[in-house]
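Following: one structure in structure tokens, then a few remarks.
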């Protein structure tokens with residue numbers, strides 16, 4: 001599975017959520033814990049927004065408010081183990097959480113380029129995390145990237161590559177219609193509004209579990225080398241940490257067999 005995080009690091013994310021900390025820290029830890037649970041099966045990247053301050057009433061900053069995924073302050077796609085190291089290092093950068101503006105539209109434009117350039121295999125999911133109304137519309141002449149409203153972008157990902165878009169609304173995002181529109185267009189029905197950090201972590205684990213492919217592309221599995229002796233071959237399925245032996249014949253039309261080779 002592949003996961004792209006589109007993460008709001010604007011100043012409002014420093015507002016308290018629980019007695020234990022602010023929204024930024026709570027989301028940071030929830031994401032870390034959720035990814036760690038399935039890190040051996042994940043490739044992950046992150047686009048943080050804004051990179052540079054954007055003020056709705058003023059012209060956008062030169063080059064845009066969000067750097068590409070290869071740019072400063074972002075995390076390109078990489079195995080989850082490496083990503084987690086980069087994720088922790090990101091929060092040590094100066095100025096984190098002091099950004100002005102919520103340029104989610106531009107972040108989605110950058111996400112589109114990142115997905116196309118990454119040449120990923122397997123399932124892909126986009127998870128956007130924000131605490132309010134997006135603002136600061138991008139200028140394609142500055143970003144050098146085609147733009148599209150967030151719900152349309154999510155719909156295009158779903159239609160072209162079956163990429164689902166999940167939206168996590170932290171405190172402050174309740175009732176923001178565009179966030180719900182993005183989730184609906186992205187095939188995830190409604191945006192997630194967790195009551196507390198613990199629920200946020202649980203929801204993120206569900207999303208990641210759905211993204212990691214747990215089935216097979218085919219009913220045929222090649223064994224290299226071939227089983228020898230064949231009659232000693234067993235099939236064991238592990239699911240949620242529990243292992244179960246699958247008999248060669250079960251039910252009316254189930255079972256498995258081994259070809260001569």
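Residue numbers (the numbering used here): 1 to 261.
C-beta: ideal position from N, C-alpha, C; glycine also.
Nothing here was measured: the structure is a model prediction, and the numbers come from that model.
Let me check understanding here. Comparing Cα to Cα, which of the options lies closest to residue i?
i           : options             : result
residue 181 : 173, 39 and 190     : 190
residue 11  : 51, 147 and 39      : 51
residue 186 : 55, 154, 84 and 79  : 154
residue 227 : 118, 55 and 257     : 257
residue 100 : 158, 117, 47 and 13 : 13
residue 95  : 102, 161, 194 and 9 : 9
Residue i to residue j, Cα distance in whole Å?
i           : j           : result
residue 28  : residue 225 : 44 Å
residue 104 : residue 241 : 37 Å
residue 36  : residue 175 : 31 Å
residue 139 : residue 106 : 9 Å
residue 234 : residue 254 : 15 Å
residue 30  : residue 18  : 14 Å
residue 24  : residue 222 : 46 Å
residue 172 : residue 119 : 35 Å
residue 80  : residue 137 : 31 Å
Check whether the Cβ atoms of residue i and residue j lie closer than 8 Å to each other.
i           : j           : result
residue 26  : residue 260 : no
residue 44  : residue 77  : yes
residue 97  : residue 130 : no
residue 163 : residue 125 : yes
residue 212 : residue 38  : yes
residue 48  : residue 73  : yes
residue 46  : residue 54  : no
Is residue i helix, strand or coil by DSSP?
i           : result
residue 247 : coil
residue 239 : strand
residue 182 : helix
residue 53  : coil
residue 78  : strand
residue 119 : coil
residue 8   : strand
residue 2   : strand
residue 22  : strand
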